[in-house]
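Okay, structure first, notes after.
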Amino acid sequence: MLTRTLRSVSVVANKNKPITHSLRHVSSSAMGAEKPSDLPSKGSEPFKVQLHEDAFNGYLLDQLPSLEVETTKDQLIELYRQMTTMRRMEQAADQLYKAKLIRGFCHLAIGQEAVAVGMEAAMTDKDRLITAYRCHPYAVLRGGSIKGVIAELLGRQDGMSNGKGGSMHIFTPTFFGGNGIVGAQVPVGAGIAFAQQYLNNPSVTFSMYGDGAANQGQVFEAFNIAKLWNLPCVFVCENNKYGMGTSAARSSMNVEYYKRGDVIPGLQVNAMDILSVYQASQFAKQWAIDHKGPLVMEMVTYRYGGHSMSDPGTTYRSREEVQQMRSTRDPINGLKARLLEWDVMSEEELKKIDKNAKQEVDQAVNEAKESPEPSMDDFWSDVYYKGTEPAYLRGREPEEGKYYNTAPNLVGA
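Residue numbers (the working numbering): 142 to 554.
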């Protein structure tokens, strides 16, 4: 599973014809960019980086994203800081779960940091994103906080859902979750894109799902309506190679997920390289804004841990496989190597970023632990929109109904 099994396509000589032929493999290198010939001295001054020639593969596209990415030293440093901080947060969640302070489901994204951080770099607060249960980094990057995520995992009042949502149900005004049912969020994403189109908003919705959810019927239903109505929706398959404990090849007849949209164009991305993710996300966003309709984008990535905290992740793949991915294709180490090679930062400066990330997460964890648990009043809040609370709840015991009806303040009346 270390080499890409996903067949992909290359740009054909006749540019008037869409790209459809399967000719080459997408790269999985975390260091897919060549050293720029002339780096500017100022951190805010833009320069161009050449990506690996196999960074992208397309389906029914007239052209792929440019292999020349415009960036700055400041942006590269910020991308590194964000990825490092997101990993620290997920590692802290891992420790808290093992200490039995987090209960219930907990899905971590260690190894997949380039997807969330790279996509967010291409988005604005006008764009919307919805995903499945591996959602913690997206929640922070989309306007949340590390403390809010950790407190939510601990079931505390300062959590982003007041301690009632847990790992899979975290939201911000621009982030629609965190959803626990496999694939259920995809048609919701299409609905958000419909609202953007209806209101004439020049913005995009990224509707995300995993390779395990790619076989769900509602995903194809969302594809159909999005194409039929030409919605500004980018469907993003976060392919981390395994759906729970099953490899993609054992569960999917067609593992080229970017080709699953039928007549919807697709783009496959080396998502172990953050600059490739950033460039592809910009391309996909512009595609939708230009009224070209939906796009299916496959982020080829890898998770180091198990499917969830209850899964050791070692019974269906070898330890050697995971270790090789960690040691040779890690997205954080890949960007770190570039920063050093290009003299953007020194080893000491990078260590300082790592240290600050650890301190930031440690402080957030300590503050989250100090947050109180939800009160009984919180138990009844956010269940119904104010003014729509029913006078009678079927199936309740008499004493429960009495408590409900004699405590209107608990439902915001």
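The beta carbon of each residue, even a glycine, is placed where N, CA and C say it ideally should be.
It should be emphasised that the depicted structure is a prediction, and the values quoted were computed from it without experimental measurement.
Setting aside the 5 residues that flank it on each side, D495 is surrounded in the same chain by T225, each with a C-beta closer than 7 angstroms to its C-beta; the list follows chain order. G475 sits in a helix when the DSSP states are folded into three classes.
As DSSP reads the structure, V410 sits in a beta bridge with F197 and M440. Taking C-beta separations shorter than 8 angstroms and ignoring five residues to either side along the sequence, the partners of T456 in its chain run G386, following chain order. Between the segment 205 to 212 and the segment 414 to 425 there are three or more inter-stretch CB-CB distances shorter than 8 angstroms, so the stretches are counted as touching. In this structure, DSSP gives N380 an extended state, which the three-state scheme calls strand. D519 and E508 have their C-alpha atoms roughly 20 angstroms apart. Here DSSP, grouped into helix, strand and coil, assigns I271 to strand. Exclusion of the five residues before and after P328 leaves Q359, E362 and A363 as the residues of its chain whose Cβ lies within less than 7 angstroms of its Cβ. Excluding its 5 nearest sequence neighbours in each direction, K189 has C-beta neighbours in its own chain below 6 angstroms: E209 and E211, listed in chain order. When DSSP states are grouped into helix, strand and coil, K189 belongs to the strand group. In this structure, the beta-carbon distance from P513 to N303 does not fall below 7 angstroms. By the neighbour-count definition (other C-beta atoms within 10 Å, threshold 16), Y221 is a buried residue. According to DSSP, A532 shares a beta bridge with no other residue.
The beta-bridge partner set that DSSP reports for Y350 consists of C378. Exclusion of the five residues before and after M466 leaves L143, G252, Y443 and Y445 as the residues of its chain whose Cβ lies within less than 8 angstroms of its Cβ. Cβ-Cβ distances below 6 angstroms link N371 to G434 in the same chain, with the five nearest sequence neighbours on each side left out; the list follows chain order.
The alpha carbon of T213 has as its nearest neighbour, out of P187, I287, D203 and E219, the alpha carbon of P187.
Between H248 and R275, the beta carbon gap of about 4 angstroms places them in contact (Cβ cut-off 8 angstroms). DSSP, reduced to helix, strand and coil, places T313 within a strand of the structure shown. The beta carbons of A273 and N320 sit closer together than 7 angstroms.
A straight line joining the alpha-carbon of P343 with that of A334 spans about 11 angstroms.
Linking L202 to E219 through their CA atoms gives a straight-line distance of about 31 angstroms. When the Cα atoms are used, G332 and L481 turn out to be separated by approximately 44 angstroms. DSSP, read as helix, strand or coil, puts T226 in helix.
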